[in-house]
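Just below is one structure, and these are the notes that go with it.
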Amino acid sequence: MISNRDRFREFILSYGNKGVLVFIGFQIIHILIPVIPGEVVQIAGGYVFGTLAGSIYMVIGTIVGTIIVFYAAQFIGYPIVKVFVNPEKIEKFKAMLNSSKAEIAIFIMMLVPGFPKDTLIYIAGLTPIMPIRFIVISLVARTPGLIGSAFIGASIHQKDYKAVIIMSIITIAVIALGYVLRKHLKTNLRGKL
74 MISNRDRFRE FILSYGNKGV LVFIGFQIIH ILIPVIPGEV VQIAGGYVFG
124 TLAGSIYMVI GTIVGTIIVF YAAQFIGYPI VKVFVNPEKI EKFKAMLNSS
174 KAEIAIFIMM LVPGFPKDTL IYIAGLTPIM PIRFIVISLV ARTPGLIGSA
224 FIGASIHQKD YKAVIIMSII TIAVIALGYV LRKHLKTNLR GKL
């Protein structure tokens with residue numbers, strides 16, 4: 074349903090004023106279940122609500138979802154994380170998040186489009202990082218991507234395909250830059266681990 078923009082829009086708007094809460098619920102669910110691609114939900118949010126409102130609702134859902142996942146991982150531990158994350162990846166990312174460059178690593182991973190951010194939240198809950206620090210860093214890093222996705226969705230709804238193409242080019246450039254930064258970060262962290 075989410076991939077069919079018009080049906081999703083009708084579905085959300087059919088709830089009237091409560092449609093905002095339904096959409097925020099979708100944003101939370103995609104964070105709780107990291108196999109659901111977030112970009113699809115986020116672009117749909119812009120399509121339904123526009124850039125500004127869609128971004129605000131996504132930020133609210135992201136905060137709530139991040140808090141739930143982080144604390145679930147912290148209190149339940151490995152059993153819940155293993156449901157969504159390969160044990161080999163858990164150890165690899167835990168080592169990265171326990172390094173002296175953890176905050177930089179979190180920021181870069183949360184900033185780069187296409188990186189499995191929601192998986193990282195589960196893993197972060199297994200580390201000694203302070204919850205508020207993690208939540209603030211991840212929110213600051215994720216917000217530009219949320220706004221960009223909302224902008225793309227709103228532009229599709231308005232049939233402003235030139236804006237969609239420009240934002241897509243910017244996104245590809247950020248992905249490329251993120252790939253370079255990620256390789257650099259991995260190289261730096263390898264020496265620290």
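All you need for the working numbering is the position in the sequence shown, starting with 1, plus 73.
Quick reminder that beta carbons are idealized off the backbone N, C-alpha and C, glycines included.
Practice prompt. Run the CB neighbour count on V121, radius 10 Å, all protein chains shown included, and call it buried at 16 or more, exposed below.
Written response: Translated into positions along the sequence shown, residue 121 becomes position 48. In this structure V121 is buried. Its beta-carbon is surrounded by 16 or more other beta-carbon atoms within 10 angstroms.
Discussion item. Does the contact criterion of 3 or more C-beta pairs under 8 Å hold for the region 219–236 versus the region 125–140?
Written reply: Verdict: yes, contact present.
Discussion item. Just to confirm the assignment, what range does the alpha helix (DSSP H) spanning V137 have?
Written reply: For this step, residue 137 is matched to residue 64 along the sequence shown. Segment 124–149, the alpha helix (DSSP H) holding V137.
Discussion item. Between which two residues does the alpha helix (DSSP H) holding P186 run?
Written reply: Along the sequence shown, read from residue 1 onward, the residue named residue 186 stands at position 113. P186: not part of any alpha helix (DSSP H); DSSP gives it neither H nor E.
Practice prompt. Indicate whether I229 and R78 have their beta-carbon atoms separated by less than 9 Å.
Written response: The count along the sequence shown starts at 1 and reaches residue 229 at position 156. The count along the sequence shown starts at 1 and reaches residue 78 at position 5. Taking 9 Å as the Cβ cut-off, I229 and R78 qualify as a contacting pair.
Item to complete: Work out the CA separation of L86 and G43 for me, nearest whole Å.
Response: Because the chain here runs from 74 to 266, residue 43 falls outside it and cannot be looked at.
Item to complete: Whole angstroms is fine: what's the gap from I109's alpha carbon to I196's?
Response: Here residue 109 corresponds to residue number 36 of the sequence shown, with the count starting at 1. Here residue 196 corresponds to residue number 123 of the sequence shown, with the count starting at 1. Spanning the two alpha carbons is a distance of roughly 17 Å.
Worksheet item: In three-state terms, what does DSSP make of K167?
Response: In the sequence shown, residue 167 corresponds to position 94, counting from 1. Helix.
Worksheet item: Could you give the residue range of the alpha helix (DSSP H) that holds S228?
Response: On the sequence shown, residue 228 is found 155 positions in, with the first residue counted as 1. Element bounds for S228: 204–230.
Worksheet entry | DSSP-derived helix/strand/coil call for A200 | By 1-based counting over the sequence shown, the position of residue 200 is 127. Going by the sequence as given, residue 200 is Thr instead of Ala. In this structure, DSSP gives T200 a state outside helix and strand, which the three-state scheme calls coil.
Worksheet item: If we call anything under 9 Å between Cβ atoms a contact, is D191 one with G123?
Response: Residue mapping note: residue 191 aligns to position 118 of the sequence shown, counting from 1. Residue mapping note: residue 123 aligns to position 50 of the sequence shown, counting from 1. Result no, Cβ atoms of D191 and G123 do not sit closer than 9 Å.
Worksheet item: Apart from the five residues on each side of it in sequence, which residues of its chain come closer than 6 Å, Cβ to Cβ, to F180?
Response: Indexing the sequence shown from 1 puts residue 180 at position 107. These residues qualify, in order along the chain: I210, A214.
Fill in: Residue environment, M203, which counts as buried when at least 16 other CB atoms sit within 10 Å
Working through the sequence shown from its first residue, we reach residue 203 at position 130. The residue in question, M203, is exposed, as its Cβ has fewer than 16 Cβ neighbours within 10 Å.
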